[in-house]
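> Supplied in structure tokens, the structure appears directly below.
Numbering (my numbering), first residue to last: 914 to 1210.
Here it is in structure tokens:
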């Protein structure tokens, strides 16, 4: 009975060693196809040669020797150890190769993103010139006092659409600068009421065309001249008010107010409030309001 068990262990160990040798041959082929090791590829075949000698040792002990239970157990345990090491080596290698593949894909995506950003920045800068020309000519035309009412309405539509396009271009440039890590916020003096008057002129026209009532309230305590980023402030307020008009059905109301919360020698805090009678935003979506490219259905 013991002899049969010893022979069984040696036969099982020999069969497992054949599996190990086949596995290392596959592993060497896998590495050769996935990497470029040059002359160092030969090192991958050293374990195969050693395992072949190990297998010959199995057979020599079985055929010419008198193996006992200890020797048979050691030989069988060696085959199991090599088998486990082969599995671990394969898993680690696959993980490394997958990581390199993901790294290559990430580099390709970053290069594509840089190309896209350069293209968008170029197009945005090129579009600024004709848009500014259109807006300038439109403003000159609106200064005429002898314009027919129908023509004035059409010119106001051109102005509003031009301002909207200008805002889209500025938003694109802002995103490019943000992705490039450039300084975004300016701290320059500007007339606050000029900003609110421009907003009122554009939003009131939009509300009038849609049959909405627009109301704007500006706290008289807000200083005439403040420091900050005039362009970004105007863009932010216009985006919110534009959505308010867009998602409010007639008859409805859109109310915009600016209130000074506190002021000292260094800074003032202004609270902007937009109220409308539109569909609003669900509570579930509120945490995603400031996520880029996020919109509630």
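Every residue, glycine too, gets a C-beta built ideally from N, C-alpha and C.
Inspect the beta-carbon positions of residue 1188 and residue 1169 and report whether they are closer than 9 Å.
Yes.
> Of the choices 967, 1013, 1023 and 943, whose alpha-carbon is the least far from that of residue 1002?
For the residues 967, 1013, 1023 and 943, the minimum Cα distance to residue 1002 belongs to 943.
> State whether the stretch 1131 to 1138 contacts the stretch 1069 to 1077, with contact taken as three or more CB pairs (one from each stretch) at a distance under 8 Å.
No, the stretch 1131 to 1138 does not touch the stretch 1069 to 1077.
> Going straight from the alpha carbon of residue 1149 to that of residue 1098, what length do you get?
Distance between the alpha carbons of residue 1149 and residue 1098: 13 Å.
> Output the boundary residues of the beta strand (DSSP E) element that contains residue 1173.
Element bounds for residue 1173: 1165 to 1176.
> Going by alpha carbons, who is nearest to residue 1036 out of 946, 991, 998 and 1086?
That would be 1086, whose Cα lies nearest to the Cα of residue 1036.
> Is it buried or exposed, residue 1004, if we count other Cβ atoms within 10 angstroms and call 16 or more buried?
Exposed is the call here.
> Taking a contact to mean a Cβ-Cβ separation below 9 Å, would you say residue 995 touches residue 967 in this structure?
In contact: residue 995 and residue 967 (Cβ atoms closer than 9 Å).
> So, for residue 1055: in the same chain, excluding its five sequence neighbours on each side, which residues have a beta-carbon less than 6 Å away from its beta-carbon?
Correct list, in chain order: 1068.
> Measuring CB atoms only, is the stretch 1021 to 1034 touching the stretch 1044 to 1051, in the sense that at least three cross pairs come out at less than 8 Å?
Flag = no, the stretch 1021 to 1034 and the stretch 1044 to 1051 do not touch.
> Considering only residues of the same chain and omitting the five flanking positions on each side of residue 1166, which have a CB-CB separation below 6 Å?
Cβ within range, chain order: 1126 and 1190.
> Please specify which runs of the beta strand (DSSP E), each continuous and at least 3 residues long, are wholly inside the stretch 1115 to 1203, giving them in chain order.
1125 to 1131, 1138 to 1141, 1165 to 1176 and 1181 to 1189, all fully within the stretch 1115 to 1203.
> What I want to know is whether the C-beta of residue 1171 ends up closer than 8 Å to one or more non-hydrogen atoms of the ligand MG.
The ligand MG is absent from the structure shown, which contains no ligand whatsoever.
> In the DSSP output, what is residue 1101 paired with across the bridge?
1141, per the DSSP bridge assignment.
> Is there a Cβ from chain B that is less than 9 Å from the Cβ of residue 1153?
No chain B appears in the structure shown, which is made up of a single protein chain.
> Please confirm whether residue 1202 and residue 1194 have their CB atoms less than 9 Å apart.
Yes, the Cβ-Cβ distance between residue 1202 and residue 1194 is below 9 Å.
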